[in-house]
Structure formats: structure tokens, C-alpha cells
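As numbered in numbering that gives the first Met the number 0, residues 0 to 59 make up the sequence shown, in order. Idealized CB from N, CA, C, for every residue including glycine.
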Amino acid sequence: MQDFSESDRRGIPFHIEAFYKYRLNDYIAITPGLIWLTAPAQNNNNDDAVIGVIRTTFTF
């Protein structure tokens with residue numbers, strides 16, 4: 000396994016997601032989520048990005 004020094008890891012972006020599905024009833028579910036992006040555009044000089052999302056699912 001390769002050992003990455005701190006300088007080797009610069010610019011490596013990570014995409015981390017968390018979400019949870021809430022069932023409102025048999026036909027509708029809401030899924031809120033959070034996305035955290037590190038090193039956007041593969042550049043550590045860019046601030047991390049945190050994005051909130053919401054999805055609604057209708058089942059017929």
C-alpha cells in the first residue's frame with residue numbers, strides 16, 4: 000500500500016454524502032441530504048463546499 004505524504008494528498012477531492020428517507024405515507028417519501036465536497040476542482044486553495052439537498056419520491 001502506498002503511503003501518501005501531506006503534499007501528495009493536496010488536491011485530492013472527496014465527496015461525502017449523508018441522507019435519510021422519511022416515509023410520509025405509502026405513496027410519498029421525503030429524503031433530505033447533505034453533501035460535503037473537499038478540494039473542489041482538485042484545488043486545496045478552494046473552500047470546502049457543503050450542499051443541502053431534498054428529494055421527494057412519489058410511488059404509484
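Using CA atoms only, rank isn't needed, just tell me which of the options is closest to residue i.
i, options, result
"PHE18", "THR30, PRO12, ASN24", "THR30"
May I have the straight-line CA-CA distance separating residue i from residue j, to the nearest angstrom?
i, j, result
"TYR26", "HIS14", "31 Å"
"LEU23", "THR58", "11 Å"
"THR55", "GLY10", "34 Å"
Between residue i and the rest of its own chain, which residues show a CB-CB distance below 7 Å, the 5 nearest in sequence each way excluded?
i, result
"PRO12", "LEU36, THR37, ALA38, PRO39, GLN41"
Helix, strand or coil, according to DSSP, for residue i in the structure here?
i, result
"PRO39", "helix"
"THR58", "coil"
"ILE27", "strand"
"ILE11", "coil"
"TYR21", "strand"
Spatial neighbours of residue i within its chain, please: C-beta separation below 6 Å, excluding the five flanking residues on both sides.
i, result
"VAL52", "GLY32"
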